[in-house]
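J.: Residue numbers (UniProt numbering), protein chains in the order written: chain A, 1 to 357; chain B, 1 to 270; chain C, 1 to 267.
We treat Cβ as the ideally placed atom computed from N, Cα and C, and that holds for glycine.
Because the structure is a prediction, the values reported are computed rather than measured.
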Amino acid sequence: MRDTLIELRNITKTFENNVVLDNLNLQVGENEFITLLGPSGCGKTTTLRIVGGFETPDKGQVFFEGEDITDMPPNLRQINTVFQKYALFPHMNVGENIAFGLRISGKSDAYIRDKVRYGLRLVNLAGFENRRVESLSGGQQQRVAMARAIVNEPKVLLLDEPLGALDLKLRQDMEYELIRLKNELGITFIYVTHDQEEALTMSDKVVVMNGGFIQQMGTPEDIYNEPQNAFVADFIGDSNILDGIMLRDRLVCVCDTLFPCIDEGFGNDAPVDVVIRPEDLIVRRPGEGKLDGEVIHNVFIGVHYEMEILAGGFEWLVQSTTSHAVGDRVSLDVAPENIQIMHKPKTREQEAIRRDV
Amino acid sequence: MSKKYCAVPFLVWLAAGTVIPFAMILYYGLTDRTGAFTLNNILAIFQPIHGQALGLSLLLALISTVICLLLAFPLAMILKDSNLGRRGFIIFIFILPMWMNFLLRTMAWQVILEKGGIFNTVLAHLHLPALTIINTPAAVVLGMVYDFLPFMVLPIYNAMMKIDDSIVEAAYDLGAGKSTVLRRILLPMSIPGIASGITMVFVPSLTTFVISNILGGGKIYLIGNIIEQEFTTSANWNLGSGLSLVMMLFIIVSMAALNALDKNGEGNFI
Amino acid sequence: MKKIFTSVYLILILLFLYLPILTLMVFSFNESKSMFRWTGVSLKWYREMFRDSQMLSAIFNTFSIALVSAAVATVIGTLASIGILAMRKKTQNFIMGLNNIPLLNADIVTGISLMLTFIAFGFYLNWGTVLLAHITFSIPYVILSVMPKLKQVGPASYEAAQDLGASPAYAFWRVVIPEIRSGIVTGFLLSFTMSVDDFVVTHFTRGAGINTISTLIYSQVKVGIRPTLFALSTVIFVIVLIVLTIANVASDRGAEEDDFFYEVAQG
Chain A
1 MRDTLIELRN
11 ITKTFENNVV
21 LDNLNLQVGE
31 NEFITLLGPS
41 GCGKTTTLRI
51 VGGFETPDKG
61 QVFFEGEDIT
71 DMPPNLRQIN
81 TVFQKYALFP
91 HMNVGENIAF
101 GLRISGKSDA
111 YIRDKVRYGL
121 RLVNLAGFEN
131 RRVESLSGGQ
141 QQRVAMARAI
151 VNEPKVLLLD
161 EPLGALDLKL
171 RQDMEYELIR
181 LKNELGITFI
191 YVTHDQEEAL
201 TMSDKVVVMN
211 GGFIQQMGTP
221 EDIYNEPQNA
231 FVADFIGDSN
241 ILDGIMLRDR
251 LVCVCDTLFP
261 CIDEGFGNDA
271 PVDVVIRPED
281 LIVRRPGEGK
291 LDGEVIHNVF
301 IGVHYEMEIL
311 AGGFEWLVQS
321 TTSHAVGDRV
331 SLDVAPENIQ
341 IMHKPKTREQ
351 EAIRRDV
Chain B
1 MSKKYCAVPF
11 LVWLAAGTVI
21 PFAMILYYGL
31 TDRTGAFTLN
41 NILAIFQPIH
51 GQALGLSLLL
61 ALISTVICLL
71 LAFPLAMILK
81 DSNLGRRGFI
91 IFIFILPMWM
101 NFLLRTMAWQ
111 VILEKGGIFN
121 TVLAHLHLPA
131 LTIINTPAAV
141 VLGMVYDFLP
151 FMVLPIYNAM
161 MKIDDSIVEA
171 AYDLGAGKST
181 VLRRILLPMS
191 IPGIASGITM
201 VFVPSLTTFV
211 ISNILGGGKI
221 YLIGNIIEQE
231 FTTSANWNLG
241 SGLSLVMMLF
251 IIVSMAALNA
261 LDKNGEGNFI
Chain C
1 MKKIFTSVYL
11 ILILLFLYLP
21 ILTLMVFSFN
31 ESKSMFRWTG
41 VSLKWYREMF
51 RDSQMLSAIF
61 NTFSIALVSA
71 AVATVIGTLA
81 SIGILAMRKK
91 TQNFIMGLNN
101 IPLLNADIVT
111 GISLMLTFIA
121 FGFYLNWGTV
131 LLAHITFSIP
141 YVILSVMPKL
151 KQVGPASYEA
161 AQDLGASPAY
171 AFWRVVIPEI
181 RSGIVTGFLL
191 SFTMSVDDFV
201 VTHFTRGAGI
211 NTISTLIYSQ
221 VKVGIRPTLF
231 ALSTVIFVIV
241 LIVLTIANVA
251 SDRGAEEDDF
261 FYEVAQG
């Protein structure tokens, strides 16, 4: 476990009777790349704004290196933000934008000049000092916003959907660039996005949020392979999510068919959610698997075929490198370790699986 | 049929309503009563009575523009900051008086400031000495500020509302305090609004003859008053046109200066 | 502390803006003709105002000129916007430069230049010349309201309508006009208000025979203010207040929706 740099303790935030964050607890370690992931309205941006100092929580405290900074204004925090739409100052050129924070902290002209040059080199924009902000492309503006934050040597960099406005190719380039920056600078990144791919690619730790609660927290592998509830499973990648009955330890009944699995401790005859990833389903010849059915849809999407197979009254999403024509009779099978069993949420409270790290 | 022909009625109107009338002023301004070319109508600005009127106009217009700016900038800032819930409603309250007839609003100040008027009655009740403001340049400035203040508030407010909240937040994020945000973000970014506000107050103040007539009691001669009289009572259209040309020259020069300030304002911070 | 300061500032400015108007309104109910002595509440000046034929004809002139000039200016200005956008960029810039002259020019210059022109071309100064003058200074406002809207809409839907079989005229009426309607309405309302509020241009182009509200006030102020003018102020203020409140409430509903989406987008 790394040293804790930022801690959010029991944060609650309400906007006009709308609870955006409900008793949220979160710890961020030193030199960690942590991503807050969730659909819009899940409270991720509000969490970021509370860390940045742009919102004050109704309840709870924010600690930075053990010091309570809940009421500290943003200009006094050792935290810098890369804004969603970059928020570059349109009346200043690139160099002036980057120098803004350094000017305020009263650095010498020579230091500022060096630092601006260093910042631009860091984001691969060397020589752009005198360019006007409007003359830059979206990706370049993004990099300037990054450089503007980084040159102040913040302990923490907050990034609010910084890649949202870029096209796919540029976004992938920037993802690698961000990972490189994080490794070179050795500072903590708190990153907000609704894009699961971004989250899984870059993060040390992913925090999946929904409805103001943390749904699950863990490494990208954990989150993908072991989703703790149906929301996480659905949000991260494609999934088949079915109602099932846990008959006893290691045996679950789905679509009136018995499947051996590896989960224990759910009790006997307990209703559960069952999650099976589409790439984990094995397509066999009729009668050779557990559940017979018929292919009703087949699309080639590059790496593999994506099929819908109607079996046991459920349309299964299946990804496979071998194609089966629409109308073919097939049989589905799945390895026991690839079946995820989850408790059904009983209340809104329970949807938040709070795991204290 | 080309869509271009839709503009024909407008082009005719533009020629008849803008180009020809301008040529008329030019013609009258550069000729004498017999129609012979002369520069006398232009040079008439150097006669003391005309020169003084122009000087006074420039001075009063400058003073009222500065006062409007000093009143409007903080107001626009407060309105931008205020989360008074229904922002539109607050703006509405501040521009509502603008929709009242301009002469009635000016007249109201005559009623208030008159000798033995409400203003002095109030002063007397407070046992303060009476103040004679009516028929002084101060009254004219007051009228200009009152009539044209909304023209300063609106463009500055609009310019400020265009500043994205995240830009202000970015400045705070980078360590700026309130005064730095004002000096380096809000002020430079509202310069286009300030520039058009200045134009919209300065030009009507410089050219007015109504305010000086109503609140100056016919004793205060601005260049507008002189020109108006040449066209009505004295009926010397050539002189009136010549002086108008001089006045237009001053408007153009001041607008060019403002334009330069607008550009410079941006330049300073690069 | 800061809160108190800003509130005081707002209140002082509001007092400055509204006290003069309120003064006029209060004294419109004063029985005596004096502006300094309160002798009792009465509606006498309102009665007198509605019996004053000069005032009634001024009111009629003001609104008839405003309506007709705004309507004509809106038609000419809207057509002009369409035509100008179809021209080459250079021509566009040149025409827009000319179009902006009356906007930037001083009222007094517009007024005297039109007066000189009318007289030179043998027009007799009356209601008609005032109307022509008002149309002239209104057209630029219409163009400035319609043109951005037209640019924003672009040619795509006009072309789409024709692609679907509409004649140019049909596409224009059923597709283009509805899309730029808000710009046209703004242009009309702007022209209407500019016309109602105008004094200077009317002053030079009206001749001796006719008065608008503004010119009537001006002549009365010069000879001595009568409280009928206070009554008129009150009536105008109340009408403006009602009209603008309705307009504000109507547009506020749209704004509330925006706020709602803004909140949602904030997450």
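For a test of the three-state rule: what should DSSP assign to methionine 217 of chain A, helix, strand or coil?
T.: Here methionine 217 of chain A sits in strand by DSSP.
J.: Per DSSP, which residues does isoleucine 309 of chain A bridge with? Please list them.
T.: Partner(s): A/Val295 and A/Trp316.
J.: Around the C-beta of tryptophan 173 of chain C, are 16 or more other C-beta atoms found within 10 angstroms, so that it is buried, or is it exposed?
T.: The residue in question, tryptophan 173 of chain C, is exposed, as its Cβ has fewer than 16 Cβ neighbours within 10 Å.
J.: Please confirm if methionine 160 of chain B has its CB atom under 8 Å from at least one CB of chain A.
T.: No, methionine 160 of chain B does not count as interfacial toward chain A.
J.: Who are the near neighbours of residue 344 of chain C in its chain, counting only those whose CB is closer than 7 Å to its CB and skipping five residues on each side?
T.: This structure gives no information on residue 344 of chain C, because the portion of chain C shown stretches from 1 to 267.
J.: Return the chain-ordered ranges of every alpha helix (DSSP H) run that is complete within the segment 87-172 of chain B and spans a minimum of 4 residues.
T.: Fully enclosed alpha helix (DSSP H) runs of 4 or longer: 87-95, 102-113, 118-125 and 137-162.
J.: Rounded C-beta distance between threonine 31 of chain B and serine 205 of chain B? I'm assuming under 8 Å.
T.: Actually they are not in contact, since the Cβ atoms of threonine 31 of chain B and serine 205 of chain B sit about 30 Å apart, beyond 8 Å.
J.: On the three-state DSSP scale, how would you describe glycine 244 of chain A?
T.: Glycine 244 of chain A: strand per DSSP, three-state reduction.
J.: Rounded to a whole number of angstroms, what is the C-alpha to C-alpha distance between valine 168 of chain B and isoleucine 185 of chain B?
T.: Cα-Cα distance, rounded: 7 Å.
J.: Please classify alanine 171 of chain B as buried or exposed, where buried requires at least 16 neighbouring CB atoms within 10 angstroms.
T.: Buried is the call here.
J.: Based on the DSSP output, what are the partners of proline 260 of chain A in its beta bridges?
T.: DSSP output for proline 260 of chain A lists A/Leu251 as bridge partner(s).
J.: Closer than 8 Å, CB to CB, is isoleucine 246 of chain C near chain B or not?
T.: No, no contact with chain B.
J.: Alpha carbon to alpha carbon, what distance is there between tyrosine 46 of chain C and serine 34 of chain C?
T.: Cα to Cα, the separation comes out at about 16 Å.
J.: Please identify, using Cβ separations under 9 Å, the residues of the segment 97-113 of chain C that lie next to chain B, in order along the chain.
T.: Residues passing the 9 Å Cβ filter: Leu98, Asn99, Ile101, Pro102, Leu104, Asn105, Ala106, Asp107, Ile108, Val109, Thr110, Gly111, Ile112 and Ser113.
J.: Taking the alpha-carbon positions, what's the proline 74 of chain A to cysteine 261 of chain A distance?
T.: Spanning the two alpha carbons is a distance of roughly 50 Å.
J.: For aspartate 22 of chain A, I'd like the list of residues in its chain whose CB is within less than 7 Å of its CB, leaving aside the five on either flank, ordered along the chain.
T.: Here the set comprises Thr12, Gly212 and Phe213.
J.: At a cut-off of 7 Å, is isoleucine 251 of chain B close to the ligand SAH when judged by its beta-carbon and the heavy atoms of the ligand?
T.: Of ligands this structure carries none, so the ligand SAH is not represented either.
J.: Can you check whether the C-beta of aspartate 52 of chain C is within less than 8 Å of a C-beta belonging to chain D?
T.: Among the protein chains in the structure shown, which are A, B and C, there is no chain D.
J.: By the criterion of Cβ-Cβ separation under 7 Å, what are the contact partners of glycine 119 of chain A in chain B?
T.: Within 7 Å Cβ-Cβ: nothing; glycine 119 of chain A doesn't reach chain B, min ~12 Å.
J.: What residues in the segment 23-56 of chain B bring their beta carbon closer than 8 Å to a beta carbon of chain C?
T.: The segment 23-56 of chain B vs chain C, Cβ under 8 Å: Met24, Ile25 and Tyr28.
J.: Would you identify the three-state DSSP class for arginine 132 of chain A, choosing helix, strand or coil?
T.: Note: arginine 132 of chain A maps to strand in three-state DSSP.
J.: Give the straight-line distance between the Cα atoms of leucine 8 of chain A and alanine 230 of chain A, rounded to the nearest whole angstrom.
T.: Going from the Cα of leucine 8 of chain A to the Cα of alanine 230 of chain A covers about 26 Å.
J.: In terms of residues, what are the limits of the alpha helix (DSSP H) holding glutamine 142 of chain A?
T.: 138-150 is the extent of the alpha helix (DSSP H) around glutamine 142 of chain A.
J.: Within 8 Å, do at least three Cβ pairs link the segment 255-263 of chain B to the segment 15-24 of chain C?
T.: The segment 15-24 of chain C, when compared against the segment 255-263 of chain B, does not touch it at the 8 Å Cβ threshold.
J.: Opposite serine 113 of chain C in the DSSP bridges: which residues?
T.: For serine 113 of chain C, which the question treats as bridged, DSSP gives no partner whatsoever.
J.: Using three-state DSSP, classify glutamine 84 of chain A as helix, strand or coil.
T.: Glutamine 84 of chain A falls in the coil class under three-state DSSP.
J.: Please determine if the segment 74-82 of chain C and the segment 112-120 of chain C are in contact, where contact requires at least 3 C-beta pairs separated by less than 8 Å.
T.: Flag = no, the segment 74-82 of chain C and the segment 112-120 of chain C do not touch.
J.: Verify the CB distance criterion: does asparagine 77 of chain C have a CB-CB separation below 8 Å to chain B?
T.: Looking at the sequence shown, residue 77 of chain C is not asparagine but glycine. Yes - at least one Cβ of chain B is within 8 Å of the one on glycine 77 of chain C.
J.: Using a C-beta to C-beta distance shorter than 8 Å, which residues of chain C count as neighbours of isoleucine 93 of chain B?
T.: In chain order: Leu14.
J.: When we look at the beta-carbon of glutamate 32 of chain A and count the other beta-carbons within 10 Å, is it buried (16 or more) or exposed?
T.: By the 10 Å Cβ count, glutamate 32 of chain A comes out buried.
J.: Might you give, ordered along the chain, the residues of its own chain that have their beta carbon closer than 8 Å to the beta carbon of tryptophan 38 of chain C, omitting 5 neighbours on each side?
T.: The answer, listed in chain order, is Asn30 and Ser32.
J.: Of all Cβ atoms in chain B, is any one closer than 8 Å to the Cβ of alanine 120 of chain C?
T.: Chain B, which has a Cβ nearer than 8 Å to the Cβ of alanine 120 of chain C, makes this yes.
J.: Taking the alpha helix (DSSP H) that arginine 329 of chain A falls in, what are its first and last residues?
T.: Taken as a continuous stretch (DSSP letters only), arginine 329 of chain A belongs to no alpha helix (DSSP H), being part of the beta strand (DSSP E) at 329-334.
J.: Using CA atoms only, rank isn't needed, just tell me which of C/Arg51, C/Asp52, C/Ser28 and C/Ser53 is closest to serine 42 of chain C.
T.: The candidate whose alpha carbon is nearest that of serine 42 of chain C is C/Ser28.
J.: Just to confirm, are serine 179 of chain B and asparagine 41 of chain B a CB contact at a threshold of 8 Å?
T.: Taking 8 Å as the Cβ cut-off, serine 179 of chain B and asparagine 41 of chain B do not qualify as a contacting pair.
J.: With a cut-off of 8 Å, do at least 3 Cβ pairs link the segment 327-338 of chain A to the segment 2-17 of chain B?
T.: No, they do not touch.
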